[in-house]
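Peer 1:
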Amino acid sequence: MNISQQRGSTERSQVRRAELIATGRKLFADTSYDALSMDDIARHAGVAKGLIYYYFKNKRGYYLAIVEESVAELVARAGSEPDLPTAERVQRTIDGYLRYAQHHQAAYRTIVTGGVGFDTEVQAIRDAVREELIATIAEGAYGRRDIPVVARLALIGWMTGVEGVTLDWLSHQELDRDAVRALLTGLLRATLRTIEELEPSCPAPPTTP
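Count the sequence shown with our numbering and you get residues 20 to 228, in order.
1) Quick check on the DSSP output: the alpha helix (DSSP H) that includes A209 runs from which residue to which?
2) On the premise that G43 lies in contact with I7, defined as a C-beta separation below 8 Å, what is that separation, rounded to the nearest angstrom?
3) For Q73 versus L93, is the C-beta distance shorter than 8 Å?
4) Counting pairs of Cβ atoms below 8 Å between the stretch 171-181 and the stretch 139-148, do you hit three or more?
5) Could you name the residues of the same chain whose beta carbon sits closer than 6 Å to that of R212, not counting the 5 residues immediately before and after it, in chain order?
6) Could you tell me the alpha carbon to alpha carbon distance between Y161 and C221, rounded to whole angstroms?
7) If you draw a straight line from the alpha carbon of T129 to that of V199, how long is it in whole angstroms?
8) Mind checking whether T112 and T155 have CB atoms under 8 Å apart?
9) Assuming contact is defined by CB atoms lying nearer than 8 Å, are T210 and W177 in contact in what I supplied?
10) How is T139 classed by DSSP in three states: helix, strand or coil?
11) Could you check which residue in L39, R62, F47 and T204 has the C-alpha nearest to that of A125?
12) From what residue to what residue does the alpha helix (DSSP H) around A170 run?
13) When you compare only the Cα positions, how much space is there between I71 and R62?
14) With distance defined between alpha-carbon atoms, name the residue in Q121, V168, K45 and Q110 nearest to A201.
15) Among T139, P167 and L174, which has the Cα closest to the Cα of E151?
16) Taking the alpha carbon of S32 as the point to measure from, which residue in Y52, T50, D187 and F75 has its own alpha carbon closest?
17) Would L55 and E140 qualify as a contact pair, given that the criterion is a beta-carbon distance under 8 Å?
18) How many whole angstroms separate the CB atoms of H123 and S89, which I take to be in contact at a CB cut-off of 8 Å?
19) How big is the Cα-Cα spacing for Q142 and A91?
20) Suppose you measure from the CA of Q24 to the CA of D197; what does that come to, to the nearest Å?
21) Straight-line CA distance for V66 to A95?
22) Quick one: using the 10 Å Cβ neighbour count with 16 as the cut-off for buried, is R108 buried or exposed?
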């Protein structure tokens, strides 16, 4: 096989893997992890079960790949448009986060609650996405991702609150997304002011909404 053929084979493999993940995201959005067998997944995907084992080794590997794909999309959406002014960037980051949660509710719940039971690997993925989102907020607020411990702890507290508010909002839908964004933005503004009081090297941006 020449280089061109190898590249074509690799690209087809990547496309097929992406198709299987897309199918899995739809399946796990409507059905619990335990209720889906590999036979069910293969039938819905229209492939031989062996192909799923080839790409993902087992159902757990398949599930983790789906979670990681969902996390990558969430982080990319939240961190988009980095050249915007600080205030607008913070607004867009929070709005992107809420949009993702609203339109991918099963995946969002999996990410923030830790997956199936006490799943340390899914929890590690959740912790990683928290750190990335906190770094995105810090970069938007302070122009840097490396911040003092007290600032990081304060933003972790805010992020945990964001997750709790978002989960409750998804369950009850008592407010529209704009109202929830305004609430979370206000809580962030208060958090940034508290950080400034405790850590003068991290002044709250005057234009933060």
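Every residue gets a Cβ at the ideal spot worked out from N, C-alpha and C, and that includes glycine. Just so it is clear, the structure is predicted and the values come from calculations on it, not from any experiment.
Peer 2: By the coordinates alone:
1) R196 to L217
2) Residue coverage of the chain in this structure runs from 20 to 228, which leaves residue 7 outside it and unanswerable.
3) Residue 73 is actually Tyr in this sequence, not Gln. Their beta carbons are not under 8 Å apart, which means Y73 does not touch L93 by this criterion.
4) no
5) Excluding sequence neighbours, R212 sits near A223.
6) 7 Å
7) 21 Å
8) yes
9) In this structure, W177 lies closer than 8 Å to T210 by Cβ.
10) Correct three-state label for T139: helix.
11) F47
12) V168 to H191
13) Computed Cα separation, rounded: 11 Å.
14) Out of Q121, V168, K45 and Q110, Q110 has the C-alpha closest to the C-alpha of A201.
15) L174
16) Minimum Cα distance to S32 is reached at F75.
17) Cβ distance not < 8 Å, so L55 and E140 don't count as in contact.
18) Sure, about 6 Å apart at Cβ, within 8 Å.
19) 15 Å
20) At Q24 the pLDDT is 46, less than 50, meaning the model places this residue with poor confidence; the figure from the coordinates comes in the next sentence. When rounded, the distance between both Cα atoms is 50 Å.
21) 30 Å
22) buried
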